[in-house]
Amino acid sequence: MSPLLSIRDLAVAFRTETGPFEALHGLSLDVFQGRTLALVGESGSGKSVTAQAILRILPPAAAISRGRILFREGEMEIDIARLSAEGEAMRAIRGQRIAMIFQEPMTCLSPLHTVGDQIGEALRLHTGADRKEADARTEDALARVGFPDPHRALRTYPFELSGGLRQRAMIAMALILKPALLVADEPTTALDVTTQAQILALLARLQDETGMAILLITHDLGVVANIAHDVAVLYRGRLVESGPRDTVMRAPGHAYLRALLHAVPRFDMAPGERLTPIRPARAEIPKGQSPAPLTGPLLQVEGVSKSFTLRAGRLWQKPRIVHAVSDVSLRLAAGQTLGLVGESGSGKTTVSKMIMRALRPDSGRILFDDGSGPRDVHALSGDALFAYRRTVQFVFQDPYASLDPRMTVRQILSEPMEIHGVPAAERRERCRALMAMVGLEPNGLSRYPHAFSGGQRQRIGIARALAPKPRLLVLDEPVSALDVSVQAQILNLLKDLQAALGLSYLIVSHNLAVIDYMADTISVMCRGRIVEEAPRAALFRRPVHPYTRALLAAVPDPSLDHPLDFAAVAGDQNDPARWEDPFRLAPDEAGAMRAVETGHRVRFGAAHAAEAA
Amino acid sequence: MITQILRRIVTMAMTLLVISALVFIIIKLPPGDYLTNRIMELRATGDASSVAKAELLIQQYGLDRPVWQQYLMWIGVMPGSVGFSGLLQGDWGWSFEYDKPVADVVGDALWLTLLINLTAVVFVHLVAIPAAIYSATHRNTAGDAVVTLLGYVGLAVPGFLLALILLFYANRWFGLSIGGLYDSALTNQPWTWEKIRSLLAHLIVPTLVIGLGGTAAMIRRMRANLLDELAKPYTVTARAKGLPPLQALLKYPFRMSLNPFVADIGNLLPHLVSGSVLVSLVLSLPTVGPLLLEALRNQDQFMAGFILMFVAALTLVGMLISDLILVWLDPRIRMGLR
């Protein structure tokens with residue numbers, strides 16, 4: 001069978017101020033009907049450029065400099081590379097025969113137009129259908145991608161939908177004209193694991209139904225292992241490896257792919273096994289004086305709750321109250337790592353903000369022990385509060401937005417020390433030491449953040465957090481915005497820093513593999529409540545709660561021996577009323593935590609908890 | 614939605630009340646008023662009958678009463694010599710300088726002001742929007758540079774200077790009479806076809822002069838807004854659907870970039886009245902701007918008070934209109950209201 005799409009010797013060059021820069025050097029690959037080709041690589045490898053070249057939507061500074069993109073349908077063969085990018089022939093292919101879905105379902109949909117209007121647009125444009133007919137077919141398309149109420153969805157706006165539904169809307173938009181080829185650029189990267197699994201299942205099902213080909217661009221080898229038929233690995237604009245999935249993944253020939261496979265956290269790692277970063281970074285961490293041992297835990301969260309009031313729209317309407325966090329208790333021993341897992345909206349960020357004293361809990365206490373005995377964080381004031389601010393530091397998710405672009409790295413690192421009254425000479429000394437600790441050159445101190453890559457910026461963020469010599473770091477999704485090739489570097493760095501400095505970490509993430517690699521104890525949050533807490537090994541060995549099990553089942557594993565069970569992820573496991581007995585909770589029911597083994601506690605429905613007691 | 618609008622209107626009324634107090638205080642701050650100054654002048658010349666007339670006016674408008682009473686009478690919540698007669702009753706007061714009711718003095722000038730400035734606003738949008746779209750889509754090309762350069766020239770040239778130059782050449786080449794909004798021969802004529810034509814011909818220069826600075830500023834802002842939106846992923850999505858470039862541009866990024874301009878309507882409306890004072894003086898246009906200036910200089914208090922209140926009311930109405938348009942234009946704001 002001849003391939004649907006053949007790329008031959010494709011080169012794409014960007015015009016830059018320093019002359020032309022070739023992003024793709026002679027790429028050749030084939031995409032077959034009814035099959036999924038995964039294009040794998042880190043950022044900058046040229047995978048997105050390939051996708052844009054196929055649709056001829058390259059940014060204005062880029063152009064195809066040579067090569068062919070042959071698109072075949074029936075007897076027809078078109079060289080896309082020769083068409084005019086904005087010409088009629090190319091526009092007829094775009095959206096009709098080749099469609100694309102993108103990474104960020106929020107920003108890819110216009111907030112000013114209804115979902116129905118945006119999905120039906122391609123249909124009206126390419127087939128001349130009127131609005132009524134377009135609406136009818138849009139409704140069908142929405143039903144096909146699993147919208148619960150497709151008719152109502154026609155009139156909704158993207159910001160009224162959850163991330164998963166938005167991505168389903170994007171898929172409906174791409175597939176409404178039944179294209180022969182779907183280009184999916186990181187379609188699940190911005191989604192929660194359970195939603196990701198559902199979207200992957202949806203793509204696989206739609207492919208079975210329509211026989212379309214999918215070109216899947218991803219950096220996540222877990223996704224590749226689960227839905228790709230063929231794999232092509234890109235490295236710096238060159239194809240380094242390609243072939244059927246099983247051949248490539250079981251016996252990776254190229255060193256780069258082997259390295260990539262070892263750079264991501266996996267569930268089957270041996271205890272104590274370290275990730276091997278693709279590009280190792282050397283950090284010099286002086287053995288710090290470990291803080292004096294504590295008798296009790298360093299941080300203890302006792303039954304905190306927080307609700308937010310949404311403002312009422314009408315005068316006579318009662319304001320709506322959202323319980324973001326309900327009766328959450330956590331315990332973090334000095335020198336340990338506590339992982340807080342949950343999907344977006346589960347309340348984990350609210351908890352971390354309350355620990356930082358950025359939000360005040362409605363009830364409950366947060367106790368912190370700085371060596372002089374546990375004290376309630378929210379009762380601190382004056383000097384005690386100032387000292388607490390120094391002791392607890394935050395590392396942000398987005399290394400781009402969290403560093404002021406108008407400050408040099410030296411200013412960024414010095415600022416917390418200035419605030420806490422470190423003398424100038426000592427600050428200079430410590431800035432150099434901090435750079436060495438996170439594996440950056442000291443001459444970077446006088447540069448601005450834009451001169452650094454994402455991974456390097458995250459190191460600067462970590463150095464800034466370490467500057468005032470804290471005891472507790474709150475890490476909010478510390479690697480989820482980073483490229484897969486540098487995640488391992490950052491995670492290893494955090495581990496080394498902890499071992500050397502005796503730091504304690506509270507790590508908040510939706511990525512279970514990251515939590516598994518980092519944490520000593522793990523708490524799982526759903527809808528503002530802790531549903532399960534256990535030492536790391538116990539939780540992954542014997543997850544008890546249905547929500548935890550659903551989360552674990554939804555993580556795509558890069559190893560081919562643990563395929564996702566798509567049937568199992570279809571349900572809505574974050575609805576407490578749907579949990580199986582004895583875990584089911586009625587609306588507004590709190591249930592109760594009960595130990596199933598030492599240190600392993602699970603939330604049961606109240607009826608069952610009472611019976612057991 | 615209805616509740617929201619009603620609530621807004623109540624707030625607007627309260628705001629107007631506060632503004633009226635401020636306006637009155639500011640007008641009253643300098644010592645004396647038009648009539649006492651006038652009486653002093655008349656006493657010096659010894660014109661007894663005029664002094665008596667002025668004193669009558671003082672009594673009639675209660676200028677001999679305490680300031681707070683004068684204020685209450687002005688807004689019409691306290692009876693004056695002729696009963697309740699103030700802003701609330703639609704009586705704008707008396708212009709001492711022109712010796713006529715304020716309504717008669719301001720009358721025509723108000724409509725002409727609105728006409729000139731609305732024409733200028735339409736001109737600004739008609740020129741600026743296509744220029745900005747061209748400039749943004751042809752970023753860093755020669756065409757963009759030309760538009761940008763013209764824009765900067767427009768920003769930098771002082772309006773009154775341009776006005777003089779244009780007047781001179783309009784007179785020399787097209788024989789247009791200098792100054793005014795219609796030929797001076799037609800001033801007291803009824804509105805005939807000829808007068809309207811003369812008005813339209815005389816509108817061109819003020820429109821250009823008043824609009825030019827705004828056009829330049831708007832091109833710059835619109836271009837910057839559009840460039841931001843052009844880089845947004847939904848623009849790429851629209852292209853990936855196969856939309857022709859212009860259609861994709863107008864439906865998505867252009868529409869998104871409109872919000873700040875709509876939000877600006879509130880500032881635009883009062884600007885229509887008070888913004889073009891200098892140009893109006895130079896072109897001797899019969900608009901409200903010069904009247905306000907005179908009134909403030911001569912402490913013609915009811916005249917100044919009325920114009921300032923009118924501008925304030927326009928601001929509030931403008932804000933309301935721009936908010937209503939935003940609600941209609943942007944579903945995010947619409948949903949936020951629910």
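In order, the protein sequence lines correspond to chains A and B.
Residue 439 in my numbering sits at position 439 of the first sequence, with consecutive numbering throughout.
Residue 824 in my numbering sits at position 211 of the second sequence, with consecutive numbering throughout.
A virtual CB, placed ideally from N, CA and C, is assigned to each residue, including glycine.
On a predicted model such as this, the values are computed, not experimentally measured, just so you know.
Any beta carbon of chain A sitting closer than 8 Å to that of residue i?
i, result
"K713 (chain B)", "no"
"A853 (chain B)", "yes"
"D943 (chain B)", "yes"
"L881 (chain B)", "no"
"P857 (chain B)", "yes"
"L629 (chain B)", "no"
Compare the C-beta of residue i with all C-beta atoms of chain B and state if any pair is closer than 8 Å.
i, result
"S65 (chain A)", "no"
"P634 (chain A)", "In this structure chain A extends from 1 to 613, so residue 634 (chain A) is not present and cannot be described."
"E73 (chain A)", "no"
"Y256 (chain A)", "no"
"Y95 (chain A)", "Rather than Tyr, the amino acid found at residue 95 (chain A) in this sequence is Gly. By this cut-off, G95 (chain A) is an interface position."
"H126 (chain A)", "yes"
"A401 (chain A)", "no"
Got a sec, what are the start and stop residues for the alpha helix (DSSP H) residue i sits in?
i, result
"P846 (chain B)", "846-853"
"P265 (chain A)", "Per DSSP, P265 (chain A) belongs to no alpha helix (DSSP H) and is neither H nor E."
"V924 (chain B)", "914-942"
Is it buried or exposed for residue i, if we count other Cβ within 10 angstroms and need 16 for buried?
i, result
"M435 (chain A)", "buried"
"F368 (chain A)", "buried"
"R314 (chain A)", "For R314 (chain A), the predicted structure reports a pLDDT of 48, less than 50, and the residue's modelled location is therefore unreliable. A value from the coordinates is still provided. Result: exposed."
"A270 (chain A)", "exposed"
"S504 (chain A)", "buried"
"G342 (chain A)", "buried"
"T935 (chain B)", "The residue asked about is misnamed: residue 935 (chain B) is Ser in this sequence, not Thr. S935 (chain B) comes out buried."
"A312 (chain A)", "At A312 (chain A) the pLDDT is 48, less than 50, meaning the model places this residue with poor confidence; the figure from the coordinates comes in the next sentence. A312 (chain A) should be labelled exposed."
"A174 (chain A)", "buried"
DSSP has residue i in a bridge; who is on the other side?
i, result
"P20 (chain A)", "A:R15"
"C526 (chain A)", "A:R529"
"K495 (chain A)", "Paired residue(s): none; K495 (chain A) is not in a bridge."
"G455 (chain A)", "DSSP lists no partner for G455 (chain A)."
"A401 (chain A)", "Its beta-bridge partners do not exist; DSSP assigns none."
"D192 (chain A)", "According to DSSP, D192 (chain A) bridges with nothing at all."
"M354 (chain A)", "Answer is none; M354 (chain A) lacks a bridge partner."
"K713 (chain B)", "B:S708"
"E302 (chain A)", "A:R365"
"F71 (chain A)", "A:L5, A:I78"
"G339 (chain A)", "A:I507, A:I522"
"G826 (chain B)", "G826 (chain B) is not bridged to any residue."
"I217 (chain A)", "A:L39, A:D185"
"T309 (chain A)", "A:I321"
In terms of residues, what are the limits of the beta strand (DSSP E) holding residue i?
i, result
"E532 (chain A)", "529-535"
"M593 (chain A)", "592-597"
"A324 (chain A)", "320-332"
"Y505 (chain A)", "504-509"
"Q393 (chain A)", "392-395"
"F102 (chain A)", "It is not in any beta strand (DSSP E) - F102 (chain A) carries neither H nor E in the DSSP assignment."
"V233 (chain A)", "230-235"
"L779 (chain B)", "Careful: L779 (chain B) lies outside any beta strand (DSSP E), inside the alpha helix (DSSP H) at 772-787."
"S242 (chain A)", "238-244"
"F604 (chain A)", "600-604"
Is residue i near the ligand ADP, in the sense that its beta carbon is under 7 Å from a heavy atom of that ligand?
i, result
"F14 (chain A)", "By its list of ligands, the structure shown contains no ligand whatsoever, and the ligand ADP lies outside what it can speak to."
Would you be able to state if there are at least three C-beta pairs under 8 Å between the region 736-750 of chain B and the region 823-831 of chain B? yes
Assess, as a yes-or-no matter, whether the region 784-798 of chain B is touched by the region 890-905 of chain B under the definition of 3 or more beta carbon pairs within less than 8 Å. yes
Are the region 429-448 of chain A and the region 356-372 of chain A touching by the rule of at least three beta carbon pairs closer than 8 Å? no
Under 8 Å: do the region 43-57 of chain A and the region 233-242 of chain A share three or more Cβ pairs, one atom per stretch? yes
Taking 8 Å as the threshold, find out whether the region 258-274 of chain A comes into contact with the region 474-493 of chain A through three or more Cβ pairs. yes
Examine the Cβ distances between the region 186-201 of chain A and the region 16-34 of chain A and report whether three or more of them are shorter than 8 Å. no
Would you check if the region 835-853 of chain B and the region 803-822 of chain B touch, i.e. whether three or more CB-CB distances between them fall below 8 Å? no
Taking 8 Å as the cut-off, does the region 867-886 of chain B touch the region 832-851 of chain B (at least 3 CB pairs, one atom from each stretch)? yes
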